[in-house]
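According to this note's numbering, the sequence shown holds residues 105 to 454 in order. What follows is a single structure, written as structure tokens, with notes after it.
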Amino acid sequence: EQLATRGPEVFYHGANAEALVAVVRNSPRNPGMIRTGDLAAYHAEERPAVCGRYRIYRICGMGPPSSGATTVFAILKQLERFDMAALGPRNPVAWHLIADSMRLAYADRDAFIGDPDYVRVPVPGLTDARYLAARSALLSPGHALPSVAAGNPPGAVRRTQAPSGEVPATTHFVVVDNTGNVASYTSTIEGPFGSGLTTGGYFLNNELTDFSFVPERDGAPVANRVEGGKRPMSSMSPTIVYGPDGRVRLAVGAAGGPTIIAQVAKALIGVLDWHLSAQEAIALPQIMGWGDRVTIERGTWLEAMIPQLQAMGQQVVVVPAGYKANAIERVNGRWVGAADPRSEGTWLAQ
């Protein structure tokens, strides 16, 4: 009620701020160092979307400190020279190429993405067509990459990779109103119920785990290292796709920590390359290439492709489902929703 009547300032100042600080500083398990001045200094940042062309489509998403748009776009753009439509979703080569493209894109993500107020993030370089063509040239239809490393995108400052503690949680939804305005919205307090601390009826986040706790490696700084006042890198990937006519064709996003990027990329390939409905694309088995291994979803027909993927050199690990994507697409002049059958999500029209 206070937020509704007095606006967001009441959250960051006064009694609410003092109560929040007291809860964090007096946490019995892991007391924090937050001060009321930290809350008073906080403000929302409006940043430009990151957009690029994939085949005949314009794809836009969330820029740094989210790693979503740059990484999703890199996965797609590195696959653009391959005839993914001809390969189709039942061809092991298609999934092998997707996995290795993910491995390359995640390597760049881990090396270069951070809060742009603290590090120079080479967004134009990471989305540059010539750079991504050079990365794509590393992909082979018959052989997996033996190892992956970050590239050298234009404008990059030497940095090194280090893992974060990001966990698979988050919430996503897509909305279209009766005038055609589209919102693809991802929100998170990191883990389920965040830090587990509550004040005033809401849970406090544990977003600190989105940072890397390794400040430098091999003499080079880590872009996503912990610093005061800094926003952590995330995997949030709210995405809007425009068709060649300039109208919204598809809006999609997902929950699930670092798997979000892989979920969204797979859904986009399913719709844009394999001409599936958004519902069919989201329901496809999930694959994710990150580092030197490839994970595939347990209990799906992708498991039958494990021998072929291993023969190409992929190190395959089977993991349980934990995916939650959803979307809205425009089909024959009307909006149609899609919800992940693995989760409790749904869609409705009013």
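Using N, Cα and C, we set each Cβ at its ideal position, and we do this for glycine too. Remember, it's a predicted structure, so these values are computed and weren't measured experimentally.
Could you tell me which of CYS155, LYS181, ALA126 and ASN282 sits nearest to TRP439, measuring between CA atoms?
Along the sequence shown, one-based indexing puts residue 439 at 335. Among CYS155, LYS181, ALA126 and ASN282, the Cα nearest to that of TRP439 is on ASN282.
Cβ-Cβ distance between ASN430 and ALA443 below 7 angstroms:
What you label residue 430 is simply residue 326 of the sequence shown in a count that begins at 1. What you label residue 443 is simply residue 339 of the sequence shown in a count that begins at 1. Yes, these two residues count as a Cβ contact at 7 angstroms.
Distance, Cα to Cα, THR303 vs LEU312?
If you number the sequence shown from 1, residue 303 lands on position 199. If you number the sequence shown from 1, residue 312 lands on position 208. Looking at the two C-alpha atoms, the distance is approximately 18 angstroms.
Per-residue DSSP class, three states only, for SER240
As a working mapping, residue 240 is identified with position 136 in the sequence shown. In this structure, SER240 counts as helix in the three-state DSSP scheme.
Taking only runs that begin and end inside the region 109-172, name each unbroken beta strand (DSSP E) of 3 or more residues, in chain order.
154-158 and 161-165
Which residue wins for smallest C-alpha separation from TYR222, given the options GLY333, ASP212 and GLU149?
Residue mapping note: residue 222 aligns to position 118 of the sequence shown, counting from 1. Out of GLY333, ASP212 and GLU149, GLY333 has the C-alpha closest to the C-alpha of TYR222.
Identified DSSP bridge partners for MET392
Translated into positions along the sequence shown, residue 392 becomes position 288. In DSSP, MET392 forms a bridge with THR399.
Can you check whether the CB of SER316 is closer than 7 angstroms to the CB of ARG335?
If you number the sequence shown from 1, residue 335 lands on position 231. If you number the sequence shown from 1, residue 316 lands on position 212. Going by C-beta atoms, ARG335 is not nearer than 7 angstroms to SER316.
Can you tell me whether DSSP reads ALA359 as helix, strand or coil?
Residue numbering aside, residue 359 sits at position 255 when the sequence shown is read from its first letter. Correct three-state label for ALA359: strand.
With a Cβ-Cβ cutoff of 7 angstroms, do GLY136 and ARG151 count as a contact?
Within the sequence shown, the letter at position 32 stands for residue 136. Within the sequence shown, the letter at position 47 stands for residue 151. No; because the gap between Cβ atoms is not below 7 angstroms, this pair is not in contact.
Count the other CB atoms, across all protein chains shown, that sit within 10 Å of the CB of LEU107; report buried if there are 16 or more and exposed otherwise.
Taking the sequence shown and counting its residues from 1, the one referred to as residue 107 is at position 3. Exposed: under 16 other Cβ atoms inside 10 Å.
Using alpha carbons as the reference points, say which of ARG157, LEU201, VAL114 and PRO220 lies closest to SER171.
Here residue 171 corresponds to residue number 67 of the sequence shown, with the count starting at 1. Residue PRO220 is the option with its Cα nearest to SER171.
So, is GLU113 buried or exposed, given that buried needs 16 or more other C-beta atoms within 10 angstroms?
Within the sequence shown, the letter at position 9 stands for residue 113. By the 10 Å Cβ count, GLU113 comes out exposed.
Let me know if TRP199 comes out buried or exposed under the rule of 16 or more other beta-carbons within 10 Å of its beta-carbon.
Numbered from 1 along the sequence shown, position 95 holds the residue referred to as residue 199. Looking at its Cβ environment, which holds 16 or more other Cβ atoms inside 10 Å, TRP199 is buried.
Since ALA260 and PHE216 should fall inside the 8 angstroms C-beta cutoff, what is the C-beta to C-beta distance between them, to a whole number of angstroms?
As a first step, residue 260 must be located in the sequence shown, where it is residue number 156. As a first step, residue 216 must be located in the sequence shown, where it is residue number 112. About 6 angstroms separates the two Cβ atoms, so the contact holds.
Is the beta carbon of THR140 less than 7 angstroms from the beta carbon of VAL125?
For the purposes of this step, residue 140 is taken as the residue at position 36 of the sequence shown. For the purposes of this step, residue 125 is taken as the residue at position 21 of the sequence shown. Cβ atoms of THR140 and VAL125: closer than 7 angstroms.
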